[in-house]
Structures are given as C-alpha cells and as structure tokens.
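Just so you know, the sequences run in chain order A and B.
Residue numbering for the first sequence follows our numbering, beginning at 1 and increasing consecutively.
Residue numbering for the second sequence follows our numbering, beginning at 1 and increasing consecutively.
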Amino acid sequence: MAKPAATVAREADLADGKTPPKQFGPVFKAASGPAGWADERLGLASLGKHNLRKIFPDHWSFLLGEIALYSFIVLLLTGVFLTLWYQPSMDETTYDGTYQLLRGVTMSQAYSSTVHISFDIRGGLLLRQMHHWAAMLFVAAMICHSLRVFFTGAFRKPRELNWLLGVGLMGIGLIEGFAGYSLPDDLLSGTGLRFVDGLIRSIPLVGTYIEFFIFGGEYPGDLIIPRLYMAHILLIPAVILGLIAAHLALVVYHKHTQYPGPGRKESNVVGYPLFPVYMAKAGGFFFIVFGVITLMGALMQLNPVWTYGPYTPNQVTAGAQPDWYMGFVEGAIRIMPNWEWHIGGTTWSWNIFLPGVGLLTALFVIMGVYPFVERWVTGDKSEHHILDRPRNNPTRTAFGVAAMTCYGFFWMGGGNDIIATHFHVSLNNVTYFLRVAVFVGPVLAFLITKRICIGLQRASEERLLHGAESGIIIRHPSGGYEEKHTPITAEEAYTLTQHKEYVPITVGGDGTDHNGVSKRDLGKQKRRALATRFYFGDNLRKPTRAEIEEAAAHFDHDGANGHGHGELEDGHSNGHSNGHSNGHSNGHSNGHSNGQAAIGSDRDDLETADR
Amino acid sequence: MRFLSSRRRHPVAKPLLLVFALFVMGGLYAILAPSDVSSADTTKSQQVEAGRKLFAVGCSSCHGLNGQGSSQGPTLVGVGAAAVDFQVSTGRMPLAYPQQQAPQTKVSYNDDEIAALAAYVQTLGPGPEIPSASQYQPSGLTDEEVARGGELFRTNCSACHNAEGAGGALPNGKYAPSLVGVSDKHIYEAMLTGPQQMPVFSDQVVTPKDKQEIIAYLQTLHERPNNGGLALGGIGPVSEGLWTWIVGLGVLVAFAVWIAAKGAKAK
Numbered sequence: 001m002a003k004p005a006a007t008v009a010r011e012a013d014l015a016d017g018k019t020p021p022k023q024f025g026p027v028f029k030a031a032s033g034p035a036g037w038a039d040e041r042l043g044l045a046s047l048g049k050h051n052l053r054k055i056f057p058d059h060w061s062f063l064l065g066e067i068a069l070y071s072f073i074v075l076l077l078t079g080v081f082l083t084l085w086y087q088p089s090m091d092e093t094t095y096d097g098t099y100q101l102l103r104g105v106t107m108s109q110a111y112s113s114t115v116h117i118s119f120d121i122r123g124g125l126l127l128r129q130m131h132h133w134a135a136m137l138f139v140a141a142m143i144c145h146s147l148r149v150f151f152t153g154a155f156r157k158p159r160e161l162n163w164l165l166g167v168g169l170m171g172i173g174l175i176e177g178f179a180g181y182s183l184p185d186d187l188l189s190g191t192g193l194r195f196v197d198g199l200i201r202s203i204p205l206v207g208t209y210i211e212f213f214i215f216g217g218e219y220p221g222d223l224i225i226p227r228l229y230m231a232h233i234l235l236i237p238a239v240i241l242g243l244i245a246a247h248l249a250l251v252v253y254h255k256h257t258q259y260p261g262p263g264r265k266e267s268n269v270v271g272y273p274l275f276p277v278y279m280a281k282a283g284g285f286f287f288i289v290f291g292v293i294t295l296m297g298a299l300m301q302l303n304p305v306w307t308y309g310p311y312t313p314n315q316v317t318a319g320a321q322p323d324w325y326m327g328f329v330e331g332a333i334r335i336m337p338n339w340e341w342h343i344g345g346t347t348w349s350w351n352i353f354l355p356g357v358g359l360l361t362a363l364f365v366i367m368g369v370y371p372f373v374e375r376w377v378t379g380d381k382s383e384h385h386i387l388d389r390p391r392n393n394p395t396r397t398a399f400g401v402a403a404m405t406c407y408g409f410f411w412m413g414g415g416n417d418i419i420a421t422h423f424h425v426s427l428n429n430v431t432y433f434l435r436v437a438v439f440v441g442p443v444l445a446f447l448i449t450k451r452i453c454i455g456l457q458r459a460s461e462e463r464l465l466h467g468a469e470s471g472i473i474i475r476h477p478s479g480g481y482e483e484k485h486t487p488i489t490a491e492e493a494y495t496l497t498q499h500k501e502y503v504p505i506t507v508g509g510d511g512t513d514h515n516g517v518s519k520r521d522l523g524k525q526k527r528r529a530l531a532t533r534f535y536f537g538d539n540l541r542k543p544t545r546a547e548i549e550e551a552a553a554h555f556d557h558d559g560a561n562g563h564g565h566g567e568l569e570d571g572h573s574n575g576h577s578n579g580h581s582n583g584h585s586n587g588h589s590n591g592h593s594n595g596q597a598a599i600g601s602d603r604d605d606l607e608t609a610d611r
Numbered sequence: 001m002r003f004l005s006s007r008r009r010h011p012v013a014k015p016l017l018l019v020f021a022l023f024v025m026g027g028l029y030a031i032l033a034p035s036d037v038s039s040a041d042t043t044k045s046q047q048v049e050a051g052r053k054l055f056a057v058g059c060s061s062c063h064g065l066n067g068q069g070s071s072q073g074p075t076l077v078g079v080g081a082a083a084v085d086f087q088v089s090t091g092r093m094p095l096a097y098p099q100q101q102a103p104q105t106k107v108s109y110n111d112d113e114i115a116a117l118a119a120y121v122q123t124l125g126p127g128p129e130i131p132s133a134s135q136y137q138p139s140g141l142t143d144e145e146v147a148r149g150g151e152l153f154r155t156n157c158s159a160c161h162n163a164e165g166a167g168g169a170l171p172n173g174k175y176a177p178s179l180v181g182v183s184d185k186h187i188y189e190a191m192l193t194g195p196q197q198m199p200v201f202s203d204q205v206v207t208p209k210d211k212q213e214i215i216a217y218l219q220t221l222h223e224r225p226n227n228g229g230l231a232l233g234g235i236g237p238v239s240e241g242l243w244t245w246i247v248g249l250g251v252l253v254a255f256a257v258w259i260a261a262k263g264a265k266a267k
C-alpha cells in the first residue's frame with residue numbers, strides 16, 4: 001500500500017508539518033465507547049485495519065458474481081418466510097381455501113399449503129414469487145459470472161481450485177433449484193419430478209435400485225417431498241453457504257484479478273479499498289438486487305401453481321418445461337433419437353441416459369478439467385493476476401462460444417413445442433434441425449469466433465503500428481487522398497501488448513526435440529506440440545521491438561505527411577513500414593519488463609496494493 | 001233414415017261411401033296429426049335444399065358432391081350438424097388450401113347459411129345435433145362442481161391444450177389451439193365431434209354435466225384476475241426464463257455498469 005502513505009505525506013506537506021489533532025464528530029464519539037469495548041474482546045481493530053483497506057479493482061463484469069451472491073441472500077431471507085407456512089407432507093387433504101377453482105379437490109398438503117401461501121397468507125404470493133425469481137437469477141448470474149471468468153482466463157493459476165468451487169456451486173445450485181421447483185407438488189413440478197425419476201431409472205443396471213432408494217419405493221411414494229424439503233432447506237443451502245464462504249475466502253486470499261492496463265502488474269492490484277468505496281458500492285448493489293427482485297416478484301407472475309392443479313401421475317399439461325436452467329437437459333432428451341437396448345432382462349435407455357445423465361456429467365466434467373487441460377497445453381506454471389483479453393486467446397474464446405452455442409441449441413430443444421406453436425413451424429422439423437445443429441453449430445461458432453478474435457488481434461496490431469484513425473482526410477498535391485493516423489497513447493500501447501505470448505512448440509524428428517527431451521517422452525511431446533499448434537498456431541505474433549521502432553522511425557522520417565495504412569500500398573508489410581506512429585517503443589518495451597514505472601499509477605484517485 | 005236405408009243399394013252408394021270415408025280419415029288426420037310438423041317439414045326441406053346448394057359451391061370440391069369425401073377431404077356422412085356448426089362458425093372451414101390443420105380464420109358464412117349447411121350435412125347420415133344453450137351453458141354449478149371440471153380438464157384435455165388452455169404443439173405442424181376466448185358452444189361441440197386431431201369425447205365418456213363443468217372451469221379460469229402480476233405470455237417456464245434473462249439480468253447488469261462507472265473511476 002504505497003499510495004496511501006504518499007497521500008498522507010502530501011497532506012502533511014500542505015499543513016506545513018503542523019497537522020492539528022483530529023477532532024471527531026459526535027457520531028464517532030458516541031460510537032467509540034462500544035467500538036472500544038468490542039475491540040478489546042474481539043480484536044476487531046487489527047482485523048479491520050488489515051481487511052478494510054483491501055483493494056479491489058473496478059469493473060462491471062466483476063459484479064456478476066455479486067448478483068449471484070445477493071440473489072442467494074434474498075433466497076435465504078424469503079425462504080425462511082416460506083418455511084413458516086409450507087407443509088412438506090404428501091398426506092392427502094381436501095382444499096377448502098380462498099381459491100375457488102380448487103375447492104373440494106383432493107391434493108397433498110404440500111400443494112394445499114403452497115396455494116394457501118399464495119392466496120391466504122399476507123404477502124405470501126409476493127414472497128413466493130420473489131423466492132422463485134431470485135432462484136432463476138441466482139443460476140443465471142452464476143452462469144454469467146463463470147463465463148466472465150472463463151473468457152478472461154481468471155481460472156488460471158493460482159485460481160484453479162476456486163474455479164472448481166465455482167463449478168461445484170453451479171452444479172449444486174441446479175440441484176437446489178430443482179428441489180425447490182418440485183416442492184409445491186403441483187402438476188408442473190410433479191411432471192418435472194417424474195422427468196428426474198426417468199433420468200435416475202435410465203442409469204444402466206442400478207437405476208431402479210437408486211430410484212427405490214431415493215423415493216423410498218415406487219414412484220412417487222409419499223417420502224420424496226419431505227426428503228426434497230430437507231435437502232432444499234437444510235442440506236444443500238448449508239453446502240452452498242460453505243462453498244460460497246470458501247469461494248470468497250479464496251478471492252480475498254488470491255486478491256482479485258484485474259484487467260490489463262497501465263500500472264497494472266502481476267504483482268499489484270489497482271483499485272479502491274473495501275472501506276469505504278466497495279462497502280458503499282457493494283452494499284448499494286445488494287439493495288439494488290433486492291429491489292429488482294422485489295419488483296419482479298410484485299409485478300411479474302411466476303409459476304402460478306394454482307392453475308396447474310395438484311399433481312396426479314395420470315395428468316400432464318402441454319408446455320411442461322423445467323425452469324430455464326434445466327432446460328438444456330430437457331432439450332437434449334426431447335431431441336434424442338430413441339436408442340434403447342434390451343439385453344437379457346435389462347433395458348439400457350441410452351435415449352434418456354446419454355442426453356440426461358451423460359450431458360449433465362459432461363458439462364461439469366468439461367468445465368472442471370478445462371483449466372488443467374489449458375495449463376498442460378501452455379505449460380505455463382506462472383501465476384496470473386492480469387486477466388486475458390478474450391481476443392488474445394482465440395482458441396479458448398472459441399471453445400467458450402462453441403460451448404455456449406451447443407448449450408443454446410440444447411436449450412432451444414427444451415422449448416421446441418413453444419417454438420413450434422409460436423413461430424408456426426413443425427415440431428418435427430424443429431427437432432430434426434436441432435439434432436444437426438447441436439453438432440454443426442458449435443463447430444461453426446468455433447471457427448467464426450476464432451477468426452473474429454484473430455481479426456481483433458490484427459486491429460490491435462494496426463493501432464499499435466499505424467496509430468488510430470483520426471478521421472481527418474488529407475488531399476495530396478498530386479490529388480490522392482488519405483486518412484491521417486494519430487499515434488495511440490503509451491498507455492493504450494501498453495494495454496495492447498502486455499499479454500504473455502505463447503508459441504507452438506516443435507518436436508524434432510531425431511528422437512529429441514530442440515530442448516533435448518529424450519525419445520521416451522517423444523509421443524507425449526508430439527501430442528503437446530499438436531495441441532500448442534492447435535491452440536496458438538494461428539495467433540498473431542506481437543510486433544517485436546524492432547518492428548515498432550521501425551514503424552516509429554518511418555513515421556519520424558515522413559513526418560506528418562507519412563503514408564497512412566493501405567491506401568497507396570498493396571502489401572501488409574509495406575503497410576507496416578509506412579505506418580506513422582510514435583511512442584510505440586515505449587509502450588512495447590513495457591510489455592515484458594517489470595522494471596517500468598506503472599504508467600498512470602500515480603493518479604490521486606487510485607490506490608495500489610502489493611500482492 | 002228411410003231415405004238412407006232405401007237407397008243403400010243404389011249404384012253410387014259405394015263410391016259415395018268411399019269418398020265419405022276418405023273425407024273422414026283425411027279430416028281425422030288433419031285434426032290429430034301435429035300441425036307444426038307439416039309446416040316445419042317444408043321449411044326444413046327448404047333449409048336442406050339451401051344447404052345443399054351452398055355445399056355444392058363451397059364444400060363439394062374437397063368433400064365430394066354428396067359429402068362422401070375425396071382424396072382432398074374426409075367424408076361428412078355421419079359427422080352431424082354439430083361438427084359443421086363448429087368447423088364453419090369458427091372459420092376453420094372452408095379451408096383456403098390444404099394444410100396440416102385447419103386454422104381459425106374469418107367466418108365465411110352467416111348464421112342462416114351455417115344452419116343450412118348443418119341441416120344438409122345432418123341429412124347425409126345421423127350425427128350429433130347442434131347443442132342447445134341449455135345443454136352447453138353451465139348454470140347453477142357449485143364451486144366444488146366447477147373445481148371438479150378442472151380435474152376433468154387436467155385429466156382429459158390439458159395434455160394437449162395446456163393446464164390453462166393456452167394450447168400446445170402436436171407432431172408435424174399440428175397443434176392444439178388455445179381455448180382462451182372460445183365460446184361455450186364451440187367447446188361443447190368440439191368435445192362432441194372431435195374436430196381435426198382431437199378425439200371425440202362422447203356423452204357416454206364425458207357426460208353432458210361433465211362437459212358443462214369443464215366449460216364452467218375454463219370460463220372462471222379465464223375471467224379471473226391474474227394473481228401475481230403480468231402473465232408474461234402465460235406459456236410457463238420458457239417465457240419465465242426469457243424474462244429472467246432479459247429483465248432480471250438485463251436490468252442488474254445495467255446497474256452493474258452504472259455502479260462501476262460511478263464515482264472515482266479506476267481506469
């Protein structure tokens with residue numbers, strides 16, 4: 001924390017070395033007594049001194065995880081209210097409440113109490129809808145947060161374990177959401193429960209045993225609601241809370257990652273202290289999230305259980321879908337061809353098992369192992385606290401977009417009937433399209449994304465070597481026109497070139513590679529060489545110092561009338577040498593050396609913490 | 001009396017007696033037979049005749065000149081007047097071009113013409129008659145009976161029509177239409193005749209009282225205020241998920257951008 005000291009020193013200068021002792025206001029005076037009492041017993045002062053000044057960097061995308069966290073807090077608060085009235089029982093009762101259209105209908109107590117909460121408890125429907133909206137947002141925010149972490153490479157060393165905690169949180173979040181979705185015991189949730197019952201049964205050989213274990217006998221039995229209730233309000237929230245605590249503790253321990261920029265190094269964090277800046281911002285954001293969820297709960301109807309009616313296994317409703325976060329599994333099962341084996345007395349339901357259990361497992365396994373795969377490819381054992389710009393790792397970005405595309409098509413499958421009715425297309429055609437699209441779509445998305453990333457790399461290089469377009473068109477005496485380019489700032493040049501560059505490795509054919517690795521490891525090396533070529537082979541190399549200096553030198557020679565890029569030249573290399581821009585050498589050399597003073601870090605409004 | 005008895009063997013007595021007997025029989029028939037039947041018979045036949053003409057112009061190209069059906073359309077023998085009334089007065093028939101399923105469009109005939117068509121098709125073979133208002137209009141049902149209609153609806157109808165009657169998709173571009181805003185009469189007729197993909201729910205399976213209860217349930221469900229706020233399209237979790245992402249996350253991300261941009265800014 002070099003910066004605060006400097007600030008204090010400057011203030012001291014201003015006061016000419018004669019700072020008067022600080023006069024505290026009445027609030028501080030009143031608070032000092034209890035604060036002192038607490039400090040003497042809990043040691044809060046030293047704890048706070050260390051942690052309240054903790055620096056966090058500022059970016060909107062760092063708040064996505066906070067949305068998830070605050071949604072979870074809202075879930076806990078509203079959930080407590082719901083438990084006061086909800087009855088987790090499958091005992092039958094006859095409804096005799098306010099809702100006319102169910103009067104006299106036989107139903108479970110779980111459903112009856114849910115309708116009771118919705119119609120007869122003051123504020124019950126609002127709290128129920130808030131709870132449900134918060135759950136939908138919780139998972140959505142987790143996914144956005146994980147995408148941010150993925151695309152910026154924030155999962156790299158030393159944060160692999162925290163990534164795994166996040167993957168765990170997401171998986172458990174899905175289960176928690178599903179358990180909550182099933183509790184009202186209405187027709188829709190019962191259908192969802194039946195769906196999961198099918199998933200469990202589809203596990204080859206042991207499926208039916210697991211089903212009997214979970215449901216306590218034949219589906220639906222009379223145990224599943226109390227069991228899900230226990231899991232939903234006690235077991236899973238406790239696990240989630242524990243994981244969140246560990247997740248946040250690791251954030252504090254690792255310190256937050258930051259986007260590249262002048263003054264930002266692997267060894268520092270540039271931003272603001274927790275107190276007072278992030279106390280205010282994060283605290284305020286909590287109330288914003290709470291407010292948005294309250295408004296949604298008040299104004300937007302969600303899961304009107306009373307219209308679905310009580311669950312009876314012989315009833316079903318058209319348009320039965322799970323909540324959105326299970327939609328991709330639903331979709332995969334909807335579009336899956338009917339593959340089934342019958343061997344001896346056993347049934348192997350690949351039609352359910354592969355898209356259901358298989359897809360869920362695949363999603364989380366792929367997410368879990370990805371950081372380790374990428375680390376194996378890069379061979380990079382250093383710590384990374386500066387985030388990647390997604391363009392600088394095109395293959396990772398392309399993988400991410402391909403996965404999103406695949407997920408999106410599966411997701412669409414979950415609503416294939418809604419698509420059919422609302423866009424007046426054939427249900428079968430939607431299904432056939434998606435069967436192809438889930439495989440072809442990701443490949444196309446991968447190729448396109450990778451090309452876009454490399455295009456963006458070229459755009460960065462263009463700015464670096466030729467400057468920014470000024471928008472000023474100059475007419476030459478000879479009659480030609482060109483656009484004047486202005487050199488970019490050293491800060492921007494630094495941002496464009498700070499990233500670590502990976503190059504594909506090569507393996508020699510004589511049994512050893514250029515590093516002298518013996519033949520024994522050759523196969524392994526060849527595989528890695530292939531992987532690095534796949535990963536980095538198409539990357540645009542960063543311009544060398546010589547190239548940038550050359551560009552700058554040409555600019556100096558030609559002066560302000562130097563050629564812009566491309567207009568009169570026909571080759572890319574010509575474009576390079578004729579580009580006019582200065583200040584690049586400065587920016588570029590900053591890229592790898594640690595010695596440079598952090599540009600722009602001596603700003604009054606910023607603070608820097610050492611790692 | 002002498003006059004009659006002395007002339008009873010007169011040659012014209014027998015023919016006269018026969019004429020007299022005919023008069024008596026005719027008079028008795030005129031008195032005893034219900035007069036309205038004979039008058040209705042003439043209007044009925046006129047109506048059937050009008051229906052036949054309309055049928056020949058508007059329907060026969062697909063259903064055949066005698067309603068026997070063709071490769072383009074099914075036979076109408078035995079479908080009954082109720083089926084015609086449902087199909088034509090909801091604008092499903094006449095069909096503009098061959099489709100997977102007849103969509104609900106603008107009604108092409110007026111009430112008299114529809115009645116005429118229905119009367120004509122009813123003459124092709126006996127089928128369900130157009131129900132009267134007392135049959136399809138639910139009245140005097142208790143709350144429990146209306147709720148029972150909900151149970152019947154969820155057991156028999158919601159698998160295709162959705163629990164709220166919002167409709168749903170069927171294979172190959174077919175669909176179960178929305179029941180919101182459909183008249184009681186048409187719902188009753190649909191159950192009675194099983195139009196398009198729909199199975200017939202005959203009076204033996206779903207009794208007229210059951211049908212009334214189902215209609216009453218739908219009526220009440222669709223007239224109720226929408227508890228809990230905006231219905232968001234009323235198509236369940238798909239639209240709810242969409243709104244989560246657009247409104248929920250969209251608004252919160254906008255706030256996040258705002259918060260991050262506010263105050264002292266770390267570049």
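Beta carbons are placed, not taken as given, at the ideal position from N, Cα and C, and that holds for glycine.
- The contact set of H59(A) on chain B, defined by CB atoms closer than 7 Å, consists of A260 in chain order.
- As summarised for the segment 321-386 of chain A, the continuous beta strand (DSSP E) elements at least 3 residues long and confined to that stretch are 341-343 and 346-348, given in chain order.
- P138(B) and T106(A) have their C-alpha atoms some 23 Å from each other.
- Checking the DSSP bridge columns, you'll see S108(A) partnered with E92(A).
- For I472(A), the uninterrupted beta strand (DSSP E) run begins and ends at A468 to R475, by DSSP.
- Nearest neighbour of H132(A) by Cα position, chosen from F178(A), F155(A) and Y219(A), turns out to be F178(A).
- At a C-beta separation below 9 Å, S182(A) has no neighbours in chain B, since its nearest C-beta there lies roughly 13 Å away.
- In this structure, E144(B) keeps its C-beta atom at 7 Å or more from the C-beta atom of A81(B).
- One alpha carbon belongs to V292(A), the other to F119(A), and they sit about 23 Å apart.
- The residues L274, in chain order, have a CB closer than 6 Å to that of K54(A) in the same chain once the five nearest residues on each side in sequence are set aside.
- Under the three-state reduction of DSSP, V270(A) is assigned to strand.
- When the alpha-carbon of I240(A) is set against those of L165(A), V269(A) and L127(A), the nearest one is in L165(A).
- Residue environment analysis places G479(A) among the exposed positions, since fewer than 16 neighbouring C-beta atoms fall within 10 angstroms of its C-beta.
- Closest option to V84(B), judged by alpha-carbon separation, among L17(B), S108(B), Y97(B) and N156(B): S108(B).
- Comparing alpha carbon positions, the residue from A403(A), N428(A), G415(A) and N416(A) closest to A445(A) is A403(A).
- In this structure, DSSP gives G168(B) an extended state, which the three-state scheme calls strand.
- One thing to note: A154(A) has its Cβ within 7 Å of the Cβ of T257(A).
- DSSP, reduced to helix, strand and coil, places K542(A) outside both helices and strands of the structure shown, so it counts as coil.
- For the options H145(A), R375(A) and L77(A), the alpha carbon positioned closest to that of P237(A) is the one of L77(A).
- Identification of chain B residues near V292(A) by a Cβ-Cβ cut-off of 8 Å yields G248, V251, L252 and F255, ordered along the chain.
- Those residues of the segment 121-153 of chain A placed with their C-beta closer than 7 Å to a C-beta in chain B are L125, Q129, W133, M136, L137, A140, A141 and C144, ordered along the chain.
- The C-alpha of I352(A) lies about 46 Å from the C-alpha of Q68(B).
- The C-beta of F55(B) has 16 or more other C-beta atoms within 10 Å across all chains shown, which makes the residue buried.
- In chain order, Y175 place their CB closer than 6 Å to the CB of A169(B), counting only its own chain and leaving out the 5 sequence neighbours on each side.
- Within a 10 Å sphere around the beta-carbon of W243(B) sit 16 or more other beta-carbons, which makes this residue buried.
- Of H424(A), G356(A) and A38(A), the smallest CA-CA separation from G207(A) is found for G356(A).
- In the three-state scheme derived from DSSP, where H, G and I count as helix and E and B as strand, M300(A) is classed as strand.
- The DSSP-derived three-state label of D186(A) is strand.
- Setting aside the 5 residues that flank it on each side, A437(A) is surrounded in the same chain by F409, each with a C-beta closer than 6 Å to its C-beta; the list follows chain order.
- For T317(A), the nearest beta carbon of chain B is closer than 7 Å to its own beta carbon.
- At a beta-carbon threshold of 7 Å, the residues of chain A lying near Y217(B) are L101, ordered along the chain.
- Along the segment 229-246 of chain B, going in chain order, the ones with a CB nearer than 7 Å to a CB of chain A are G229, L230, A231, L232, I235, G236, P237, V238, E240, G241, W243, T244 and W245.
- In chain B, no part has a C-beta under 9 Å from the C-beta of M107(A); the shortest such distance is about 10 Å.
- Chain-ordered, the chain B residues with CB closer than 8 Å to the CB of D323(A) read P237, E240 and G241.
- In the DSSP assignment, E482(A) forms a beta bridge with I474(A).
- The C-beta distance from L427(A) to G413(A) rounds to 11 Å, too long to fall under 8 Å, and the pair is not in contact.
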